[in-house]
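Structure, as structure tokens:
Okay, here's the thing in structure tokens:
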């Protein structure tokens, strides 16, 4: 309980500091093509693109692809458990809930904001790809960056949620490869 109270006070101050930036980024959804693009990216970032990529990896790399795909799937599951635990312990309301001036451009998958699970997964998989399949990583990088941006543009996250998700996810992906790449090779 004490962690939640300290986190709540910290996030209340952070929310006030990030509100103006969050609101200015969120204004981009006034433009229908921008809103449509980021909604599509967000939907694909729900997992659809990552599932397809994980299924394709054995064909992209016939020698070690099955092991890489399994490692990515297990690390992705670990990311899911981690972000759900963090969100329910740290309890940061989404920007559109705390600030009605921020427009939510699509329904969130869950209630809380910190950290961004979409960004955590994107950064995790991106880090793994850069280590295991760099050519694929470069091809996927624009999508990963778009997923991170979509979270703030769509009014679902604060920039610090996205930064934290990227840091945690990137570290989880890199650590997974460092610990288990020998098993995947």
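Residue numbers (this note's numbering): -18 to 166. The beta carbon of each residue, even a glycine, is placed where N, CA and C say it ideally should be.
**Q.** As assigned by DSSP and simplified to three states, the class of residue 190
**A.** Here the chain has residues from -18 to 166 only, and residue 190 is not among them.
Q: With a cut-off of 8 angstroms on the beta carbons, I'd call residue 94 and residue 27 a contact; round off their distance for me.
A: Wrong, their Cβ atoms sit about 16 angstroms apart, outside the cutoff.
Q) Taking Cβ to Cβ, would you say residue 79 is nearer than 8 angstroms to residue 138? A) It is not a contact, given that the beta carbons lie outside the stated cut-off.
**Q.** Proximity below 8 angstroms, CB of residue 101 to CB of residue 146
**A.** Cβ distance < 8 angstroms, so residue 101 and residue 146 count as in contact.
(Q) Helix, strand or coil, according to DSSP, for residue 25 in the structure here? (A) Looking at residue 25 - three-state DSSP - the assignment turns out to be helix.
Q | Three-state secondary structure assigned by DSSP to residue -18 | A | Here the model assigns residue -18 a pLDDT of 47, short of 50, so the residue's position is not dependable, and the following value carries that caveat. DSSP places residue -18 in coil when its eight states are reduced to three.
Q: Determine which residues share a DSSP beta bridge with residue 32 and list them.
A: By DSSP's assignment, residue 32 forms no beta bridge with any residue.
Q: Locate the alpha helix (DSSP H) running through residue 9, then write down its first and last residues.
A: Counted as a single uninterrupted DSSP element, the stretch harbouring residue 9 is not any alpha helix (DSSP H), since DSSP gives it neither H nor E.
Q) From residue 133 to residue 7, what does the alpha carbon distance come to, in whole angstroms? A) Their backbone Cα atoms lie some 6 angstroms apart in a straight line.
Q: Spell out a yes or no on whether the stretch 11 to 20 and the stretch 63 to 80 are touching, meaning 3 or more CB-CB pairs, one atom from each, closer than 8 angstroms.
A: No: the two stretches stay apart, fewer than three of their Cβ pairs being nearer than 8 angstroms.
Q) In chain order, what residues of the same chain have a beta carbon less than 7 angstroms from the beta carbon of residue 84, not counting five sequence neighbours either side? A) Residues 7, 10, 77, 136 of the same chain have their beta carbon placed closer than 7 angstroms to that of residue 84, with the five preceding and five following residues left out of the count.
Q) Can you name, in chain order, every residue of its own chain whose Cβ lies under 7 angstroms from the Cβ of residue 110, other than the five neighbours on each side? A) So the qualifying residues of the chain are 117, 118, 121.
**Q.** residue 73 classed as buried or exposed, judged by whether at least 16 other C-beta atoms fall within 10 angstroms
**A.** Flag for residue 73 reads buried.
Q. Going by the CB atoms, is the gap between residue 104 and residue 57 shorter than 8 angstroms?
A. No, they are not a contact pair.
Q) DSSP puts residue 93 in a beta bridge; with which residues? A) Its beta-bridge partners are 74.
Q | residue 82 versus residue 40 - alpha carbon distance | A | Their backbone Cα atoms lie some 47 angstroms apart in a straight line.
Q) Grouping DSSP H, G and I as helix and E and B as strand, with all else coil, what is residue -1? A) Three-state DSSP puts residue -1 in a helix.
(Q) I need the straight-line Cα distance from residue 140 to residue 42, nearest angstrom please. (A) For residue 140 and residue 42, the gap between their C-alpha atoms comes out near 35 angstroms.
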